[in-house]
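**Q** For the sequence shown, the residue numbers in numbering that gives the first Met the number 0 are 0 to 674.
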Amino acid sequence: MTTDALLGTSDLPHQLPRFADIEDQDYAPAIEAAMAEQLAAVAAISADPAPPTFANTLVPLELSGVTLARVLRVFWNKASADANPQIDAVRAAFAPRLAAHGDAILLDPALWARLRAVDADRAGLDPEAAYLVERYVTEFRLAGAALGDDDKARLRALNERISSQETAFELALQADSNDLAVVVDDPASLAGLTPGEVSAAAAAAEARGLTGRHLLTLVLPTAHPHLASLTDRDLRRRLSEAQRSRGSRGGEHDTRAVALDILRLRAERARLLGFDNHAAAVTADNTAGTPKAVRSLLERLAIPAARNARAEQDAMSELAGFPVEPWDWPFYAERVRSARYDVDLAALRPWFESERVLRDGVFFAAGRLYGLAFEERPDLPGYHPDVRVFEVSRDGTPIGLYLLDLYTRDAKRGGAWMSSFVTQSGLLGVDTSVVVNNLNVPKPAAGEATLLTWDETRTLFHEFGHALHGLLARATYPKFGGTAVFRDFVEYPSQVNEMWVLWPEVLASYAVHHETGEPIPADVVERLRAAETFNEGFATSGYLAAALLDLAWHELGPDDVPTDPAEVAGFEQRALAAAGLDNPAVPPRYSTPYFAHSFSSGYAAAYYSYIWSEVLDADTVAWFRDNGGLTRENGEAYLRHVIGIGGTRDPLESYEQWRGRPAPIEPLLTRRGLA
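Now the structure itself:
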């Protein structure tokens with residue numbers, strides 16, 4: 000056993016981790032060694048007898064965590080994208096220890112004193128260095144650095160317990176999602192799915208030893224994409240009920256008690272830190288500022304969204320001939336869309352073949368905007384056979400690697416995401432970055448084309464927006480590298496990148512029939528654009544319902560959190576009714592028992608971030624349209640003010656310098672059909 004491949008700097012191009020040399024048993028000792036290394040470095044900073052300066056305090060503090068960050072990036076990706084029982088055990092064991100490790104640094108009184116001393120004398124620093132000091136002081140203060148010893152001891156215990164429970168929530172949710180995958184005995188009931196989807200279901204069943212049957216694996220959001228296509232209403236119902244029952248069936252994988260425990264612990268921690276509740280603690284260090292500002296936006300949008308959803312519901316019920324249930328809505332929405340706009344999204348899948356979408360859509364737009372080129376590197380191994388590696392260059396100069404892990408598997412958590420293995424940093428002398436996109440597209444049988452749904456196509460563009468942010472940001476200090484920005488700002492660049500899905504020049508490049516080579520018909524494209532706000536009442540209501548649930552739970556004080564898991568459903572119903580979003584046919588995008596964003600993925604009290612960022616996104620899309628669209632000049636402006644700055648300065652200040660004003664809400668209202 001050796002940990003060199005994790006602890007050392009890789010000699011592969013762009014420091015791509017040597018995945019082939021890493022074994023599961025290497026992670027625990029590597030994390031252990033890296034934590035010890037950082038604590039020793041921090042102890043040396045705290046014990047330095049010299050007067051505190053930026054050079055002897057902030058610089059070594061930035062350098063102290065480099066090895067641990069390298070190890071954890073590889074480990075967290077493994078735990079999310081290719082887990083197994085041994086990795087799950089390591090994750091569970093180290094969750095509280097890593098929380099304690101963070102507290103050992105954030106609650107170090109000598110280090111806190113040095114930071115404040117540097118902060119008091121930062122006038123002579125360059126802007127990025129001064130902002131680094133400001134961010135450290137703010138984060139240490141909000142983490143409890145100014146608390147007394149007794150309160151710090153309680154805070155440490157809370158943080159360890161919270162970390163353990165968040166890990167327990169995610170592991171239980173993934174296990175229950177795997178257990179609840181729907182087994183189909185009669186292939187005739189799969190009518191409506193594409194051949195590729197049917198073969199993917201057969202392959203999933205075969206992988207579990209269910210030869211001759213089919214398996215529909217579950218996805219993270221409430222509405223499974225197959226609900227739009229399956230003609231068998233009973234199978235739609237089974238699939239929908241499986242999705243919605245995750246984490247709430249009792250037994251070892253029930254997540255509700257864990258979620259309530261997390262809520263109580265977070266609320267107690269917030270009080271200890273001087274906040275009314277966890278939502279106040281979270282928004283205090285985000286661009287929103289307060290829960291009141293968040294609730295104001297969400298509730299402003301909820302009323303027209305619910306109104307639009309009811310109108311959509313009436314149209315679908317009329318077409319169906321009966322009141323539509325949640326498992327009917329996606330199916331009949333496509334029928335209404337087809338009747339009104341003559342657009343059948345399922346029928347368009349032959350034009351969204353994954354390789355064309357990737358190379359001639361996603362990569363094509365990035366080339367036009369930023370001068371990027373992508374060369375596949377089959378000689379560079381990923382962490383799983385499905386992973387593809389591309390070298391990225393900008394105007395001929397290499398800037399890093401892009402990894403794509405497209406397909407779903409039982410060992411991968413649900414959803415789609417971007418993360419980094421290597422982040423550019425001037426201080427470290429690292430000039431390039433290595434990023435990865437993970438999606439959960441069903442994998443068809445060998446030799447069959449991977450045809451993406453419309454939503455999967457949009458998701459690939461979205462996640463690639465995060466990847467661009469990680470590849471193109473330039474910073475001196477590791478803390479500001481890549482996507483290291485405020486939580487309620489980080490979704491903005493990814494949402495902007497979605498605009499190119501339907502951009503004429505981009506669509507013409509990638510939307511080609513995978514068998515005939517024919518471009519997607521121009522009249523179909525026009526109808527697609529005309530239907531852009533169709534079903535937005537449903538989509539917006541479902542999202543807002545989840546965001547309001549997340550906020551409502553985290554506005555509770557420690558004594559207000561229910562103690563009985565059976566009370567979870569009632570709390571949800573009351574919270575949604577208060578906002579006018581309690582339509583049974585329009586369930587929240589995520590419900591509490593399977594709300595991974597809120598309880599295990601870093602979006603606690605911050606799921607509002609998507610719509611908050613979309614205000615900026617919609618305004619930016621309008622700017623691109625008004626200024627010529629897909630041009631290098633526009634890409635450079637956007638790069639200079641948004642994705643190129645990483646976390647090196649206040650993002651809203653940079654945005655307002657670019658646009659000359661704050662972002663108005665009107666473009667968002669128009670886009671969502673809420674004006």
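Virtual Cβ for every residue (Gly too), placed ideally from N, Cα, C.
Source: prediction; values computed, not measured.
Is the CB-CB distance between Leu124 and Val70 below 9 Å?
**A** no
**Q** If you reduce the DSSP assignment to three classes, tell me which class Asp47 lands in.
**A** coil
**Q** Buried or exposed for Met0, going by 16 or more other Cβ atoms inside 10 Å?
**A** Reliability of the predicted coordinates at Met0 is poor, the pLDDT of 48 falling under 50, and no value is obtained from them.
**Q** Quick check on Ser432: does DSSP put it in helix, strand or coil?
**A** strand
**Q** Can you tell me whether Gly536 is buried or exposed, with buried defined as 16 or more other CB within 10 angstroms of its CB?
**A** Result: buried.
**Q** Taking Cβ to Cβ, would you say Ala529 is nearer than 9 Å to His461?
**A** Their beta carbons are not under 9 Å apart, which means Ala529 does not touch His461 by this criterion.
**Q** Taking Tyr542 as part of the alpha helix (DSSP H), name the residues at either end of that continuous run.
**A** 535-553
**Q** What does the Cβ neighbour count give for Arg660, buried or exposed, with the cut at 16 atoms within 10 Å?
**A** exposed
**Q** Near Ile104, what residues of its chain come up, given a Cβ to Cβ distance below 6 Å and the 5 sequence neighbours on each side ignored?
**A** Val41
**Q** Quick check on the burial criterion: 16 or more other C-beta atoms within 10 angstroms. Buried or exposed for Phe351?
**A** Phe351 comes out buried.
**Q** Using three-state DSSP, classify His596 as helix, strand or coil.
**A** The answer is helix: DSSP assigns His596 an H, G or I state.
**Q** How is the alpha helix (DSSP H) around Pro84 delimited, first residue to last?
**A** 84-105
**Q** Please state if the CB of Lys442 and the CB of Ala199 are separated by a distance shorter than 9 Å.
**A** yes
**Q** Pull the bridge partners of Asn437 from the DSSP assignment, please.
**A** Asp404, Trp416
**Q** Which residues does DSSP pair with Ala372 in a beta bridge?
**A** Ser392
**Q** Just curious, the alpha helix (DSSP H) that His225 is in, first and last residue?
**A** Run containing His225: none; DSSP gives neither H nor E here.
**Q** Let me confirm a value: Thr482 is counted as buried when at least 16 other C-beta atoms fall within 10 Å, else exposed. Which label applies?
**A** buried
**Q** According to DSSP, is Ala129 helix, strand or coil?
**A** Residue state, collapsed to three classes: helix.
**Q** Return the Cβ separation of Ala279 and Ala269 in integer angstroms, given the expectation that the two are a contact with Cβ distance under 8 Å.
**A** 7 Å
**Q** Relative to the C-alpha of Leu755, which candidate in Ala167, Ala152, Ala305, Phe362 has its C-alpha closest?
**A** The question about residue 755 has no answer here: the residues shown for the chain are numbered 0 through 674.
**Q** With a 10 Å radius around its C-beta and 16 neighbouring C-beta atoms as the bar for buried, classify Gln173 as buried or exposed.
**A** buried
**Q** Could you pull out every residue in the same chain whose Cβ sits closer than 8 Å to the Cβ of His513, ignoring the five residues on either side in sequence?
**A** Excluding positions up to five away in sequence, the list reads Pro349, Trp350, Glu352, Arg355, Ala448, Leu450.
**Q** Between the region 235-243 and the region 122-139, can you find at least three pairs of beta-carbon atoms closer than 8 Å?
**A** With the cut-off at 8 Å, the region 122-139 and the region 235-243 do not touch.
**Q** Which residue from Lys77, Ser63, Ala128 puts its Cα closest to that of Asp25?
**A** Lys77
**Q** Asp118 to Ala80, Cα distance in whole Å?
**A** Between Asp118 and Ala80, the C-alpha separation is close to 40 Å.
**Q** Measuring CB to CB, does Pro12 end up less than 9 Å from Leu379?
**A** Their beta carbons are under 9 Å apart, which means Pro12 touches Leu379 by this criterion.
**Q** What's the call for Gly763, buried or exposed, on a 16-neighbour Cβ count within 10 Å?
**A** The question about residue 763 has no answer here: the residues shown for the chain are numbered 0 through 674.
**Q** Would you mind listing the beta strand (DSSP E) stretches within the region 330-384 that are 3+ residues and don't spill past its ends, in chain order?
**A** Taking 3 residues as the shortest admissible run, the region 330-384 contains the following complete beta strand (DSSP E) segments, listed from N- to C-terminal end: 371-375.
**Q** Going along the chain, which residues of its own chain have a beta-carbon closer than 8 Å to the beta-carbon of Arg648, five neighbours each way excluded?
**A** Pro126, Glu127, Tyr130
**Q** Output needed for Gly579: all residues of its chain with C-beta closer than 8 Å, excluding positions within five of it in sequence on either side, in chain order.
**A** Ala301, Ile302, Ala305
**Q** Looking at C-alpha atoms only, which residue of Leu427, Leu226, Leu219 is the closest neighbour of Glu196?
**A** Leu226
**Q** Helix, strand or coil for Met0? Go by DSSP, reduced to three states.
**A** The predicted model places Met0 with a pLDDT of 48, which falls under 50 and marks its position as unreliable; any figure quoted below should be read in that light. Looking at Met0 - three-state DSSP - the assignment turns out to be coil, as it is neither helix nor strand.
**Q** Express the C-alpha separation of Leu106 and Ile149 in angstroms, rounding to a whole number.
**A** Looking at the sequence shown, residue 149 is not Ile but Asp. Cα to Cα, the separation comes out at about 12 Å.
**Q** Assuming Gly395 and Ser432 make a contact with CB atoms under 8 Å, what is their CB distance in whole Å?
**A** That belief does not hold up - the Cβ atoms of Gly395 and Ser432 are roughly 17 Å apart, past 8 Å.
**Q** May I ask which residues mark the beginning and end of the alpha helix (DSSP H) holding Val65?
**A** Its alpha helix (DSSP H) spans residues 65-80.
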